[in-house]
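Residue numbers (our numbering), protein chains in the order written: chain A, 67 to 377; chain B, -17 to 189.
Glycine included, each C-beta is placed from N, C-alpha and C at the ideal position.
Quick caveat, the model's predicted, so the values are computed rather than measured.
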């Protein structure tokens, strides 16, 4: 270790000319003076101004940081949500829409058989009034992304989607497989998030199989108001009830006739109400409905029967 | 060196709070800091008060920025001196680059080689002595220059220099010893060989 030194100004380290020279030289260097008061006051003023600017800049910077953090936080939360729950919300939404679009995919139920004094199509021949033919099987299912297996909701959605894809294939054979798949689904996911949709699909499968009474019981137990297809299901329920309970069917027909509906449903609702009124002995009411039907749907599917029954 | 650090409460936070304390520190220490600035810069460049003011403001801006991190572990003056060294050396580096980029002459920092020096026997003009010393100091590295200024001109002890520069005391002595050797070499190179100079009391510039 080097021994502590003494400043040259206090004396040379040795007696060499250079050391002596440096000793005198350093000893002669004057001590600098401080800045005068007025100069330091100018600096103080400048500091205050800079501090004020800095405070404003800091506020702006904090706001900017807040915005950046907020944006990043929202993005992170979205990402974390999608990581935790997978893409189920999208899948569920997609499948809910799929189920809600049932009229497109599921055949319409037959007309009530018990329309008095008027021959109505047999239950099994009711399919012709389907608004739109069923789509090709499995196309929707093929487009749905596979859910994450770790998510119960994803599994439930996948299970229901599998049953619906069979149901969309149409035909009694597929309908039976679909019914079994739906029943398994309801057992696997009791009180699941998609229970209502599954039960609606079960009604569709039962109707395709021609199990009208069971479909009627299923529909009666369904909280129709909470299902997306409530008007259509109400119409189906009314037509099924009209088989032997025109009084309760009349209430549903009444609700339907009083609100705007697609033409195919409006036609069925008006004819159904007329038929039920006739069955209940209100011939005048029935005549009014039939006359209204003929004026609104002169070439409707029931027009010929109504004209044939007319005196 | 004054030990005024404990006198000022520095349990400070940033910005608004520190502004008041900064004013107190400025009142107490701005005169000393302005001296240090002039000492560390040397006779050229900050001889005018405008440049010294600029550097003084820069020092206290750094003080304001770092005030929240000061925890009274060191004396306030030591802390301020460290910041002053940091600011002055930083500005010197900037100026050096500026000179390199713009090829700017620096007459105030370089004595002309042809200039003959006064005899040592004569009384040194104090300003001239200052210019002589700094002309050699400015040829050294920033570290050597700073060490020599703090020790030889400011006459700070090894412990204080160690605290200011953030190095150990043994390193201060080792560094000083080497810095002195390099200073002597640079001095001889610039102003001639003293052994062969005419008379022990006369300095002759090297041809």
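Is the distance from the Cβ of residue i to the Cβ of residue j below 8 Å?
i: residue 110 (chain A); j: residue 63 (chain B); result: no
i: residue 267 (chain A); j: residue 229 (chain A); result: yes
i: residue 274 (chain A); j: residue 217 (chain A); result: no
i: residue 336 (chain A); j: residue 321 (chain A); result: no
i: residue 115 (chain B); j: residue 66 (chain B); result: no
i: residue 278 (chain A); j: residue 309 (chain A); result: yes
i: residue 255 (chain A); j: residue 231 (chain A); result: no
i: residue 98 (chain A); j: residue 20 (chain B); result: yes
i: residue 161 (chain B); j: residue 91 (chain A); result: no
i: residue 264 (chain A); j: residue 252 (chain A); result: yes
i: residue 222 (chain A); j: residue 260 (chain A); result: yes
i: residue 10 (chain B); j: residue 101 (chain A); result: no
i: residue 248 (chain A); j: residue 271 (chain A); result: yes
Could you have a look at residue i and say whether DSSP puts it in helix, strand or coil?
i: residue 72 (chain A); result: coil
i: residue 289 (chain A); result: coil
i: residue 136 (chain B); result: coil
i: residue 121 (chain B); result: coil
i: residue 347 (chain A); result: coil
i: residue 260 (chain A); result: coil
i: residue 66 (chain B); result: helix
i: residue 279 (chain A); result: helix
i: residue 109 (chain A); result: helix
i: residue 83 (chain A); result: helix
i: residue 325 (chain A); result: coil
i: residue 100 (chain A); result: coil
i: residue 92 (chain A); result: helix
i: residue 367 (chain A); result: coil
i: residue 169 (chain B); result: helix
i: residue 337 (chain A); result: helix
i: residue 142 (chain B); result: helix
i: residue 295 (chain A); result: coil
i: residue 353 (chain A); result: helix
i: residue 42 (chain B); result: helix
i: residue 57 (chain B); result: coil
i: residue 92 (chain B); result: Its pLDDT being 37, under 50, residue 92 (chain B) is placed unreliably by the model, and nothing is read from it.
i: residue 152 (chain B); result: helix
i: residue 109 (chain B); result: helix
i: residue 255 (chain A); result: coil
Which same chain residues end up closer than 7 Å to residue i when comparing Cβ atoms and leaving out the 5 residues on each side of it in sequence?
i: residue 133 (chain B); result: 143, 158
i: residue 118 (chain B); result: 165, 168, 169, 172
i: residue 141 (chain B); result: 151
i: residue -3 (chain B); result: Note that residue -3 (chain B) has pLDDT 44, beneath the 50 cutoff, so the model's placement of it is unreliable and the number below is only indicative. Correct list: empty, nothing qualifies.
i: residue 69 (chain B); result: 37, 40, 41, 44
i: residue 327 (chain A); result: 297, 335
i: residue 85 (chain A); result: 78, 79
i: residue 242 (chain A); result: 275
i: residue 358 (chain A); result: 336
Looking only at its chain, what residues have a beta carbon closer than 8 Å to the beta carbon of residue i, apart from the 5 residues adjacent to it on each side?
i: residue 329 (chain A); result: 363
i: residue 299 (chain A); result: 266, 269, 285, 288, 290, 293
i: residue 318 (chain A); result: 300, 301, 303, 304, 307
i: residue 314 (chain A); result: 307
i: residue 122 (chain B); result: 130, 161, 164, 165, 168
i: residue 105 (chain A); result: none
i: residue 158 (chain A); result: Residue confidence for residue 158 (chain A) is low, a pLDDT of 44 falling below 50, so the modelled location carries little weight and cannot support an answer.
i: residue 70 (chain A); result: none
i: residue 376 (chain A); result: 356
i: residue 147 (chain A); result: none
Among the residues of its own chain, which have a CB less than 6 Å from the CB of residue i, if the five just before and after it don't count?
i: residue 352 (chain A); result: 340, 343, 344
i: residue 325 (chain A); result: none
i: residue 105 (chain B); result: Note that residue 105 (chain B) has pLDDT 47, beneath the 50 cutoff, so the model's placement of it is unreliable and the number below is only indicative. The answer is none, since no qualifying residue turns up.
i: residue 88 (chain A); result: 74
i: residue 368 (chain A); result: 337
Could you tell me which of the options sits nearest to residue i, measuring between CA atoms?
i: residue 78 (chain B); options: B:13, B:6, B:23, B:147; result: B:23
i: residue 137 (chain B); options: B:18, B:73, B:3, B:12; result: B:18
i: residue 347 (chain A); options: A:368, A:370, A:312, A:371; result: A:312
i: residue 297 (chain A); options: A:146, A:331, A:271; result: A:331
i: residue 147 (chain B); options: B:71, B:33, B:113, B:12; result: B:71
i: residue 33 (chain B); options: B:47, B:73, B:135, B:83; result: B:73
i: residue 135 (chain B); options: A:374, A:124, A:93, A:146; result: A:93
i: residue 125 (chain B); options: B:50, B:47, B:46, B:75; result: B:75
Against chain E: residues of the stretch 43 to 75 of chain B by CB proximity under 8 Å: The chain labelled as chain E is not found among the protein chains of the depicted structure, namely A and B.
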